[in-house]
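Chemist: Counting from 37, one number per residue, gives the positions in the sequence shown under our numbering.
Beta carbons are placed, not taken as given, at the ideal position from N, Cα and C, and that holds for glycine.
It should be emphasised that the depicted structure is a prediction, and the values quoted were computed from it without experimental measurement.
Sending over a structure as structure tokens; questions will come in a sec.
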Amino acid sequence: AQFIVVGSYSTLTLEVTLENTDENSYFTKVIYQVPTGLTFRKTTIISASRRSRIECDDSKNSKYSAVGIVSCR
37 AQFIVVGSYS TLTLEVTLEN TDENSYFTKV IYQVPTGLTF RKTTIISASR
87 RSRIECDDSK NSKYSAVGIV SCR
């Protein structure tokens, strides 16, 4: 099991590396789960080989759920 310890820091940074080395990729999506109490703030593209745009959404999460879903595409 893996654990995330949330303490006095106000920001948790999650770095994701996505690489496509073969055919073109269309409608690629990254989905991750976050525990209740953490909220999505922003996405930043650090580097890209071509012009890229990413949008993330956590609007479908319920405040009563134990785990939230953030979907980025």
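1) Given this structure, state the Cα-to-Cα distance separating SER61 from LEU54, to the nearest angstrom.
2) For SER83 versus ASP93, is the C-beta spacing smaller than 8 Å?
3) Anyone know if the C-beta pair for GLY104 and VAL52 falls short of 8 Å?
4) First and last residue of the beta strand (DSSP E) that includes GLY104?
5) Roughly how many angstroms lie between the CA atoms of ARG87 and ILE81, to the nearest whole one?
Modeler: To lay it out plainly:
1) 11 Å
2) no
3) Taking 8 Å as the cut-off, the beta carbon of GLY104 is found no closer than this to the beta carbon of VAL52.
4) Unbroken beta strand (DSSP E) run through GLY104: 103-108.
5) Those two C-alpha atoms are separated by around 10 Å.
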